[in-house]
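Just so you know, we're using our numbering here: the sequence shown kicks off at 6 and counts up by one. See structure below.
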Amino acid sequence: MKALMLKVNQDFQNRFGENAAFVVRAPGRVNLIGEHTDYNDGFVLPLAIDRAIWIALRPRPDREVHIHSLDFDETAVFHLDSLFKETTRRANHWLEYLKGVAWALQEDGYTLAGWEGVMAGDIPKGAGLSSSAALELATARTFTAVTNQLWDPVAMALLCQKAENQWVGVNCGIMDQMISAAGQAGHALLIDCRTLETKAVPLPMGTAVVVLDTNTRRGLVDSAYNERRAQCDEASRFFGVPYLRDVSITDFLSSEDQLAPLIRQRARHVVTENIRVLNAVTAMLNGDAEMLGTLMNQSHLSLRDDFEVSSYELNVMVELAQAQPGCFGARMTGAGFGGCAVALVAAETSSTFTQFIATAYEQATGLTPAIYVCQPAAGASVIRNS
Ligand code: GLA
6 MKALMLKVNQ DFQNRFGENA AFVVRAPGRV NLIGEHTDYN DGFVLPLAID RAIWIALRPR
66 PDREVHIHSL DFDETAVFHL DSLFKETTRR ANHWLEYLKG VAWALQEDGY TLAGWEGVMA
126 GDIPKGAGLS SSAALELATA RTFTAVTNQL WDPVAMALLC QKAENQWVGV NCGIMDQMIS
186 AAGQAGHALL IDCRTLETKA VPLPMGTAVV VLDTNTRRGL VDSAYNERRA QCDEASRFFG
246 VPYLRDVSIT DFLSSEDQLA PLIRQRARHV VTENIRVLNA VTAMLNGDAE MLGTLMNQSH
306 LSLRDDFEVS SYELNVMVEL AQAQPGCFGA RMTGAGFGGC AVALVAAETS STFTQFIATA
366 YEQATGLTPA IYVCQPAAGA SVIRNS
């Protein structure tokens with residue numbers, strides 16, 4: 006993390022001949038529990054990880070943004086007044102995230118100003134660790150720093166989500182932007198996706214969170230994601246409520262047999278997952294790592310069998326993790342179909358755990374995983390250099 010800060014600062018100095026005025030960072034995330042609940046107005050419990058996007062920058066006197074990406078070795082420019090005229094907003098290029106955020110902030114009435122800088126990150130792209138949300142929040146943090154405006158994490162998360170939904174064209178919920186904006190060091194964050202109230206919850210003493218990247222990336226995630234959203238909407242219409250958040254387990258059990266089998270499965274996942282998130286918070290507050298792990302294991306089964314968003318490789322990874330001494334629980338994390346699993350392990354076993362899993366997963370699948378022991382980090386932040 007420090008290394009990246011030095012890297013963007015150094016590159017800024019080389020390019021512009023002076024120190025950057027600001028250095029901004031925004032983190033990626035891993036979700037401990039509460040999957041596919043955010044767009045059902047439910048509960049999630051993610052943590053910001055110690056991997057982030059960093060931008061070193063200085064204001065410009067005009068209304069242009071000049072940004073060099075060290076990761077893509079590419080410089081790009083856009084004008085803050087040209088964003089309303091664009092006709093094709095969807096383009097699979099990193100610059101669209103910055104433009105989308107500038108567009109959303111201005112649409113909401115923010116007065117922005119130009120800047121120039123250098124960015125770099127260490128969140129693997131497409132792995133389900135929210136590198137896109139981190140780039141959006143880093144951009145929002147940059148604009149507020151340049152114009153000296155107060156940082157309102159919830160408002161910024163909502164505008165970044167709007168950028169992702171309407172500019173980039175990905176129909177995500179609010180979880181990723183909220184945790185990148187509002188994460189708390191050393192804590193997971195309970196987010197009520199209806200009220201956007203948050204509560205920081207410490208990890209049980211002596212535990213470590215391990216991210217297990219299967220190294221599989223699936224196409225069609227977007228269409229499967231949109232299909233799940235539509236099925237959840239169908240279930241909430243059946244129950245006569247705005248969102249599945251409003252369906253209690255008693256309501257669900259009393260009329261589940263009138264639901265089509267597939268819609269019943271999808272609803273059962275969401276209704277029970279919301280309960281698991283709240284129980285996970287209680288377990289964490291009691292320092293009960295065993296209970297938290299059990300809930301994570303249950304969440305995985307629900308995602309695998311009822312919501313059907315897991316994959317062969319994710320199941321292999323989760324089962325290997327769960328079988329290890331010192332592992333309290335494990336599950337797939339994020340949208341699913343590929344990407345990462347997350348495990349809660351006894352901190353003192355984390356290095357033997359990661360070594361064992363790396364070998365065993367490779368033997369089972371022929372794929373080399375990437376494994377990270379994560380420290381829960383703070384949300385988007387800015388350092389003023391001058
Ligand atoms: C993706 C989306 C989130 C959330 C998760 C599933 O990460 O961006 O909004 O819906 O999938 O929990």
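Beta carbons are placed, not taken as given, at the ideal position from N, Cα and C, and that holds for glycine. Small disclaimer: the values here were computed from a predicted structure and weren't measured.
Uninterrupted alpha helix (DSSP H) stretches at least 4 residues long and entirely within the segment 162 to 218 occur at 180 to 187, given in chain order. Put simply, the backbone Cα of Ala265 is about 20 Å away from that of Thr42. If you compare the alpha carbons of Phe77, Leu110, Glu79 with that of Asp86, the shortest gap goes to Leu110.
Under DSSP, Tyr317 shares a beta bridge with no residue. In the displayed model, Val378 falls within a strand according to three-state DSSP.
For Ile128, the secondary structure class from DSSP, reduced to helix, strand or coil, is coil. Using a Cβ distance threshold of 8 Å, Ala352 and Ala229 do not count as a contacting pair. Here the segment 349 to 368 makes no contact with the segment 168 to 179; the two share fewer than three CB pairs at distances below 8 Å. Per DSSP, reduced to three states, the secondary structure at Ala346 is strand. Between Leu37 and Val347, the C-beta gap is smaller than 8 Å, which places the two residues in contact. Scanning His73, Tyr44, Gly341 for the CA closest to the CA of Gly224 turns up Gly341. Take Val206, set aside five residues on each side of it, and the residues of its chain with a beta-carbon closer than 8 Å to its own are Leu50, His192, Ala193, Leu194, Leu195, Val286, Met289, Leu290, in chain order. The alpha-carbon of Thr357 is positioned some 20 Å away from that of Leu208.
In the DSSP assignment, Pro330 falls outside any beta strand (DSSP E), carrying neither H nor E. If you draw a straight line from the Cα of Asn19 to the Cα of Gly126, it is about 19 Å long. Put simply, of Gln189, Ile58, Asp251, Val29 the residue whose alpha carbon is nearest the alpha carbon of Leu75 is Ile58. Residue pairing by DSSP puts Arg30 in a beta bridge opposite Trp59, Ser386. For Asp262 and Phe244, the gap between their C-alpha atoms comes out near 12 Å. Linking Gln380 to Met183 through their CA atoms gives a straight-line distance of about 18 Å. Within the same chain, Cβ atoms closer than 6 Å to the Cβ of Thr221 are found at Glu318, Gly343, the five residues on either side in sequence being excluded. The Cβ neighbour count for Val82, taken over all protein chains shown within 10 Å, is under 16; the residue is labelled exposed.
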